[in-house]
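Notes to accompany the following structure.
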Amino acid sequence: MASATAEDSSAAATSATAFPILHPDIIRSHILPRLDGCSLAAVGCATPELRSLCSDVGLWSHKCYSTWPSTTMPRMRELISTFTNGPRSFFSLSYPLFPTLSPILYPPSLPSRLVSAVDIFYRGRCIFSTVHETETVTGWFRCSPFRVDLLGPKETVATPIRRPSHDDTCRDLIGDLELSWIVVDPSTCKAVNVSSFRPVSVERHWLSGEVHVRYAAVAGHVMCGVEVTCVGGMGPVMHVTEVSLKMEDLDGVHLTGRESLVILQRGFEGKRGNGGGKREREEEGRRRYVEYLERKREITERKRRREGTLDMLCVGLGVAILAALFFLLCSSR
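Quick note, in UniProt numbering, the sequence shown goes up one by one and the last residue is 333.
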């Protein structure tokens with residue numbers, strides 16, 4: 001046992017001194033750029049020297065650009081530069097799943113404008129990327145059901161996605177597609193990702209052949225739902241005709257603009273998870289969605305039982321009233 005402990009200590013000491021032996025330029029230019037964002041953040045916690053190397057703005061800018069092509073657009077570059085630690089802060093806020101909601105503050109300080117950075121990937125290749133701004137101060141926005149549409153009624157985007165011939169092909173798309181939808185509050189330099197990254201469902205309409213791809217980020221009693229609709233074009237490939245964001249509660253009721261802003265504000269201030277790789281993040285997103293559907297089913301079942309009991313009481317009361325009237329009519333003769 002003592003020998004094993006000594007060997008472990010020796011191995012740890014060797015690994016701890018391995019990096020300082022290398023020249024900082026080699027680490028900065030040839031090693032750190034090969035790491036993903038989560039690994040880069042973890043390496044930065046190892047030693048003060050590595051923390052300094054991993055704090056390079058250019059390094060984190062590259063991570064943001066390679067992870068989300070939409071961040072290369074001028075508007076997003078400008079926004080990211082206003083964050084406390086620039087692209088490093090932006091990455092740490094935008095990469096995790098939708099965080100645990102913070103307590104409600106009264107009166108809530110709601111954002112006056114939202115900026116959405118959206119990227120869709122098919123088999124690792126970006127097929128759709130855009131930045132969209134939404135005004136949130138109008139009465140129409142705050143009182144109407146919350147919805148953000150990225151494409152106009154007649155806009156379409158060509159994709160390399162082959163038109164599915166049956167439901168099995170649709171299910172294959174769950175592993176091929178990935179979506180990121182980052183919502184930014186420019187006034188507070190806060191960001192949150194409202195996507196589950198991998199689809200939670202892919203369905204094909206039996207008549208029109210439209211393919212509906214759904215992503216869902218669950219936070220408490222609210223689900224942020226992103227729906228992507230693809231239709232067949234003139235050739236064998238699909239075209240994206242709709243990319244939209246909505247929010248709904250456990251009762252299936254769509255939240256208004258003001259209610260959704262409160263949820264987003266609580267998400268901006270909420271506690272992020274411990275991170276993890278892409279696989280862990282996707283599995284956690286699917287687990288949350290399955291739990292949400294189960295809670296929704298339980299609520300629906302309770303409502304059905306309650307309504308059934310109420311119906312029985314109404315029927316019983318009606319029968320009692322008819323019996324009483326019949327008795328009164330018979331006794332009056």
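Built from N, CA and C at the ideal position, the CB exists for glycine as well.
If we call anything under 9 angstroms between Cβ atoms a contact, is residue i one with residue j?
i           : j           : result
residue 176 : residue 243 : no
residue 146 : residue 256 : yes
residue 180 : residue 67  : yes
residue 113 : residue 186 : yes
When you compare only the Cα positions, how much space is there between residue i and residue j?
i           : j           : result
residue 73  : residue 64  : 11 angstroms
residue 37  : residue 94  : 11 angstroms
residue 115 : residue 184 : 5 angstroms
residue 292 : residue 100 : 14 angstroms
residue 189 : residue 309 : 51 angstroms
residue 83  : residue 192 : 13 angstroms
residue 237 : residue 230 : 10 angstroms
residue 325 : residue 301 : 36 angstroms
residue 144 : residue 178 : 29 angstroms
residue 159 : residue 57  : 33 angstroms
residue 327 : residue 221 : 52 angstroms
residue 217 : residue 199 : 10 angstroms
residue 50  : residue 43  : 7 angstroms
Given that a residue counts as buried once 16 or more other Cβ atoms are within 10 Å of its Cβ, and exposed if not, what is residue i?
i           : result
residue 306 : exposed
residue 78  : exposed
residue 60  : buried
residue 140 : exposed
residue 22  : exposed
residue 251 : exposed
residue 119 : buried
residue 331 : exposed
Where does residue i sit, in a helix, a strand or coil, going by DSSP?
i           : result
residue 217 : strand
residue 113 : strand
residue 312 : helix
residue 88  : helix
residue 176 : helix
residue 46  : coil
residue 140 : helix
residue 64  : helix
residue 210 : coil
residue 295 : helix
May I ask you to list the residues that DSSP assigns as paired with residue i?
i           : result
residue 128 : 120
residue 149 : 244
Could one say the Cβ of residue i lies closer than 9 angstroms to chain B's Cβ atoms, at least one of them?
i           : result
residue 141 : Protein chains in the displayed structure number just one, and chain B is not present.
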